[in-house]
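Undergrad:
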Amino acid sequence: GDDAAGDDGGVGRRSFLSGALTTAMTLAANPSLAVAAASDPATVAAAASYPTFTSDLSWPLGKVAFSLLPLAGTSSRRATVQETIIPHRIWTHDQIQGVVNVNVPVRQTVIKLSEEAGGGLWVHNPVAPTPQLMRMMR
Numbered sequence: 207g208d209d210a211a212g213d214d215g216g217v218g219r220r221s222f223l224s225g226a227l228t229t230a231m232t233l234a235a236n237p238s239l240a241v242a243a244a245s246d247p248a249t250v251a252a253a254a255s256y257p258t259f260t261s262d263l264s265w266p267l268g269k270v271a272f273s274l275l276p277l278a279g280t281s282s283r284r285a286t287v288q289e290t291i292i293p294h295r296i297w298t299h300d301q302i303q304g305v306v307n308v309n310v311p312v313r314q315t316v317i318k319l320s321e322e323a324g325g326g327l328w329v330h331n332p333v334a335p336t337p338q339l340m341r342m343m344r
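Taken in order, the sequence shown gives residues 207 to 344; the numbers are from our numbering.
1) Any contact of the segment 332–340 with the segment 302–317, i.e. 3+ C-beta pairs under 8 angstroms?
2) Thinking just about the alpha-carbon of each residue, which of VAL287, ARG219, ARG344 is nearest to the one in ARG295?
3) Which residue comes first and which comes last in the beta strand (DSSP E) that contains GLY196?
4) Are the beta-carbon atoms of GLN288 and MET342 separated by less than 9 angstroms?
5) Please tell me whether GLN314 and THR290 are closer than 9 angstroms, where the distance is taken between their beta carbons.
6) Please report how far the alpha carbon of ALA323 lies from the alpha carbon of PRO293, in whole angstroms.
7) Taking the alpha-carbon of ILE317 as reference, which of VAL308, TRP328, VAL310 has the nearest alpha-carbon?
8) Please return the same chain residues whose Cβ sits closer than 7 angstroms to the Cβ of GLY325, not counting the five positions on each side in sequence.
9) Exposed or buried, which one is THR219 when buried takes at least 16 other CB atoms within 10 Å?
10) Under 9 angstroms, do PRO311 and ASP262 count as touching if we go by C-beta distance?
11) Helix, strand or coil for PRO337? Go by DSSP, reduced to three states.
12) Whole angstroms are fine: how far does the CA of THR260 sit from the CA of SER224?
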């Protein structure tokens, strides 16, 4: 029946619902259990670490993308992390970008072209041109 474990040895529906109800009742009777973990500043700080706001990290594109979905970080802080792959030749720049609640790291690669190739920089997969990024690329 519903009370026993399933054929695959899993937990039955009744057992699962009973356990969920017990947990909910315990938290309702003692809300400090749920609040204790969320109110610990160390826990909150470890869960979400954000750079401080400066004008160097802003990208005032607006809050929506071309598809009218909200973008993460478009009108807020957008820090760029630079890594040198080959000194004075190849660099990567990482930023966090996202749509709705899905945030992913995006990396651009910058290669300094030789004078024989015409000079300049070749940028693959450009990220948001914040003042911080533009200084890094100069």
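Glycine included, every Cβ here is placed at the ideal spot set by N, Cα and C.
TA: According to the data block:
1) When C-beta atoms of the segment 332–340 are compared with those of the segment 302–317, three or more pairs fall below 8 angstroms, so the two segments count as touching.
2) Stepping through the sequence shown from its first residue, residue 295 is reached at position 89. Cα-wise, what sits closest to ARG295 is ARG344.
3) The structure shown has nothing for residue 196, since the chain only spans 207 to 344.
4) Counting from 1 along the sequence shown, the entry for residue 288 is found at position 82. Counting from 1 along the sequence shown, the entry for residue 342 is found at position 136. In this structure, GLN288 places its C-beta atom within 9 angstroms of the C-beta atom of MET342.
5) Sequence index remark: in the sequence shown, residue 314 carries index 108 (1-based). Sequence index remark: in the sequence shown, residue 290 carries index 84 (1-based). Pairing GLN314 with THR290 gives a Cβ-Cβ distance that is not under 9 angstroms.
6) Looking up residue 323 in the sequence shown gives position 117. Looking up residue 293 in the sequence shown gives position 87. About 19 angstroms.
7) For the purposes of this step, residue 317 is taken as the residue at position 111 of the sequence shown. Taking only the C-alpha atoms, the option nearest ILE317 is TRP328.
8) By one-based count along the sequence shown, residue 325 stands at place 119. Correct list, in chain order: LEU319.
9) The count along the sequence shown starts at 1 and reaches residue 219 at position 13. Looking at the sequence provided, one finds Arg at residue 219 rather than Thr. Here ARG219 is exposed: its Cβ has fewer than 16 other Cβ atoms, across all protein chains shown, within 10 Å.
10) Counting from one through the sequence shown, the residue named residue 311 turns up at place 105. Counting from one through the sequence shown, the residue named residue 262 turns up at place 56. In this structure, ASP262 does not lie closer than 9 angstroms to PRO311 by Cβ.
11) As a first step, residue 337 is located in the sequence shown; it is residue number 131 there, counting from the start. When DSSP states are grouped into helix, strand and coil, PRO337 belongs to the helix group.
12) One-based indexing of the sequence shown puts residue 224 at position 18. One-based indexing of the sequence shown puts residue 260 at position 54. Between SER224 and THR260, the C-alpha separation is close to 50 angstroms.
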